[in-house]
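In our numbering, the protein residues as written are 1 to 131. Shown next, in structure tokens, is the structure this report addresses.
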């Protein structure tokens with residue numbers, strides 16, 4: 001299941017309410033810690049070459065299509081356009097019952113957004129039952 005919408009942030013922050021996958025069901029949780037790793041595919045303007053970088057190597061907004069600056073091998077800054085963002089971060093989430101799990105972004109959805117059919121998101125009390 002793909003849960004990330006185009007207008008979602010490149011990565012999620014501590015304290016964000018999410019639906020997190022737990023034993024095959026999506027349950028309500030809150031992000032406790034983040035080990036951030038966002039991969040950014042850019043096309044450099046002068047020569048149209050593409051490069052895969054980490055987000056800390058990119059200066060500018062982390063959005064697909066955004067004009068940003070990246071460091072060239074010689075240390076100079078070059079203009080580039082973001083073509084793709086991949087969130088490879090690890091998120092530790094806390095469920096309502098206090099249970100913690102460390103998950104990838106693909107196992108999380110922003111709470112309140114309709115990325116799944118209603119039947120695929122399990123209410124908290126059902127998640128408690130699954131444990």
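Note that beta-carbon positions come from the ideal geometry of N, C-alpha and C, so glycine has one too.
- By alpha-carbon distance to residue 79, the top candidate from 86, 85 and 70 is 70.
- In the structure shown, residue 106 falls within a helical segment according to DSSP collapsed to helix, strand and coil.
- Fully contained in the stretch 32-78 are the following beta strand (DSSP E) runs of length 3 or more, in chain order: 38-44, 50-54 and 67-71.
- In this structure, DSSP gives residue 85 an extended state, which the three-state scheme calls strand.
- Between residue 50 and residue 59, the C-beta gap is not smaller than 8 Å, which leaves the two residues out of contact.
- Cβ atoms of residue 38 and residue 10 come within 8 Å of each other, at about 5 Å.
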